[in-house]
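A.B. asks: Counted the way the working numbering counts, the sequence shown spans residues 87 to 270.
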Amino acid sequence: MENIIPKQKITYEEFEEIDSKTDEMLEFINGEIYLLSAPSVAHQRILTNLSTEFGIYFIDKKCKHFVAPLDVILQNDQEKHKVQPDITVICDEKGLTENNYTGVPELVVEILSPSTASKDYIIKMDLYMRFGIKEYWIVSPKNQEIQIFSLQDGVYGEPINFSKDEVLKSVIFDDLKIDLKNIF
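1) Does the structure place the segment 222-242 close enough to the segment 195-212 that three or more beta carbon pairs sit under 8 Å?
2) According to DSSP, which residues form a beta bridge with I209?
3) Determine the closest residue to G181 out of A203, V194, V158, with distance taken between C-alpha atoms.
4) If you run the structure through DSSP and keep just helix, strand and coil, what is E196?
5) Indicate whether P171 and V195 have their beta-carbon atoms separated by less than 9 Å.
6) Under DSSP, the beta strand (DSSP E) around L112 begins and ends at which residues?
7) When you compare only the Cα positions, how much space is there between S137 and F259?
8) Provide the residue(s) that pair with S236 in DSSP beta bridges, ordered along the chain.
9) What is the rounded straight-line gap between the Cα of E113 and the Cα of I119?
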């Protein structure tokens, strides 16, 4: 796979051609391709537990949550990207197709792994902020904590930190509360 990922930046159309020729899971951000690796058992346990909590919370609500792999296409007149957040919360289903979602989710969750931490904190955070994703959660399995970044005046400010012994409270969904003892 390494030999088909170009070293220089490419267009989204060039990425689509590469993506169509592989079974690998790929993200495309700022003209670069990122190969997604299989998640760890701890990652999957946290993802399953969070998904369960989201599933209970979003029953009979307009917004719905989706678990990776779901391709989320973020685009405007100047740029186009494809990401696969671990959890994506969508309130406007107009952009939802059988294969992906084109639009701006309300909330995304990324669960850190040693190989993705810098991408999640720098590259994806910048991308999500630029596209106006209102709430971005970064989950640290190692530290057993969740940081919530909320969009205020177009930027993510200081995060709200929740540790494994606390009850997390969403910023944009007032009544979404998750006891983190049930997650880690």
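Each residue gets a CB set at the ideal place from its N, CA and C atoms; glycine is no exception.
C.D. replies: In short, the structure shows the following:
1) yes
2) For I209, DSSP assigns no beta-bridge partner whatsoever.
3) V158
4) strand
5) Yes, Cβ-Cβ distance for P171 and V195 is below 9 Å.
6) 112-115
7) 16 Å
8) According to DSSP, S236 bridges with E221.
9) 6 Å
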